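Just below is one structure, and these are the notes that go with it.
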Amino acid sequence: MALTMPYVTDKFIAYLGDVITTNLSLAVWLTDENAGEKPIGRIKVTLEEGEIKAFKNLSGYYCFTDLSHKDYNLNIESDFYFPVDKTIPIPLPDPKKPVGDTIILKPNPVYPFPVSATLVRGLVSNTGPVVNALVSVAGKTIETITDERGEFVLYFKGIKKEDIIIEIRKDGDTKAVNTTIEEGKTISLGIIIFP
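Throughout, my numbering is defined as the position within the sequence shown, counted from one, plus 90.
Have a look at this one:
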């Protein structure tokens with residue numbers, strides 16, 4: 091018996107003629123918040139229970155198969171986006187449609203924005219980095235959080251020139267910073283002492 095080119099993984103070896111059947115339990119679609127399309131860079135999608143890694147199908151969905159019926163903690167890590175942790179019940183409400191919600195990934199400060207992007211950057215500090223502070227623009231739906239270094243970046247679309255108020259919030263404290271943005275320019279607020 092001569093077998094050529096078996097399909098080998100870390101869990102099994104499939105030989106020509108073998109049939110492997112799995113059931114799709116969950117498919118996750120990821121979207122870049124700024125571009126409105128598939129995210130860029132390295133993306134790692136796992137379920138915390140058992141360190142189960144998703145596989146990406148040809149359509150771009152991150153898929154999990156043969157999961158037990160219980161709640162799972164979905165973790166998404168990447169180079170250019172903030173991490174996401176979300177609890178997902180398996181089975182989903184309609185087992186015939188195993189597609190979970192679309193998860194929108196929020197770019198972090200190292201995201202490669204276009205050269206012509208209108209940005210406001212800053213670093214929030216209080217004897218050390220202020221991590222996970224909410225940074226928003228008064229009167230707009232633009233917001234982000236600070237990363238582990240206290241850095242943030244806000245991305246603006248369709249604004250020519252405007253005076254804005256940036257509000258930084260954490261643990262009940264708030265700080266407001268005034269600045270003027272112009273289309274195609276990056277404004278650096280430098281180090282912002284909080285609160």
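Every residue, glycine too, gets a C-beta built ideally from N, C-alpha and C. In this text, all values refer to a predicted model and were calculated from it rather than measured experimentally.
| Is V174 helix, strand or coil when you go by DSSP? | strand
| message | Suppose the cutoff is 6 angstroms on Cβ atoms and the five residues either side in sequence are ignored; what does the same chain contact list for K134 look like? | response | E167
| said: So if DSSP puts E241 in a beta bridge, which residue, or which two residues, is it bridged to? | reply: L213
| task | Might you give, ordered along the chain, the residues of its own chain that have their beta carbon closer than 8 angstroms to the beta carbon of D169, omitting 5 neighbours on each side? | result | G131, R132, V200
| query | What are the boundary residues of the beta strand (DSSP E) that A117 is part of? | reply | 114-122
| message | Do N113 and L137 have their beta-carbon atoms positioned less than 8 angstroms apart in this structure? | response | no
| message | With distance defined between alpha-carbon atoms, name the residue in T270, T217, F246, K176 nearest to A125. | response | F246
| Of all the options P173, D161, S226, which has the alpha carbon lying nearest to the alpha carbon of P181? | D161
| message | Give me, in chain order, the residues of the same chain whose beta-carbon lies closer than 8 angstroms to that of P173; leave out the 5 immediate sequence neighbours on both sides. | response | N165, I166, E167
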